[in-house]
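Colleague: Dropping a structure here in structure tokens format, bear with me for questions.
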Amino acid sequence: FFGRRHVLTPFAPPVPQDHDQAKRLAEGISKIEGLEVDLGTVETNMVMVNVSACCESAEAAVAALKEVNVLTGIMGKGILRLVTHHHIREAQVQKAVEAFARLAASRPANGNGAHA
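Residues in the sequence shown are numbered from 633 upward in steps of one, following this note's numbering.
Okay, structure coming up:
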């Protein structure tokens, strides 16, 4: 009955804040060489990041990011999906951007051993 309890619990997440955090996250990641974010598509609390230029696979990127507590999902070949929620703050956005920067700097591009 989790659904009922959740519905009965007063809750109004600050959705505009979620969207602002997603935009900041996307802007930060888009400045990192080897990562690609289409800033024009960031209209909600979701950010899609193309890691195929710097990582051997999306699965490898997800695993590396999880090691530093940045949780992502896979949307397709080389595409990660990040979602901001009401509990995500600016410090966590910055931590995620820094984790992506380390990922891009440390991973071989397309599995060929060359760095992006």
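Glycine included, every Cβ here is placed at the ideal spot set by N, Cα and C. Here the structure is a predicted model, which means the values were calculated and not measured.
Looking only at C-alpha atoms, which of V729, L712, R734 sits nearest to I661?
Modeller: That would be V729, whose Cα lies nearest to the Cα of I661.
Colleague: Could you pull the start and end residues of the alpha helix (DSSP H) that I661 belongs to?
Modeller: 647-662 is the extent of the alpha helix (DSSP H) around I661.
Colleague: Mapping the DSSP letters down to three states, classify V669 as helix, strand or coil.
Modeller: Three-state result, V669: coil.
Colleague: So L657 and V725 are supposed to be a Cβ contact under 8 Å. How far apart are they, rounded?
Modeller: Correct: roughly 5 Å between the Cβ atoms.
Colleague: For V679, which three-state DSSP category applies?
Modeller: The answer is strand: DSSP assigns V679 an E or B state.
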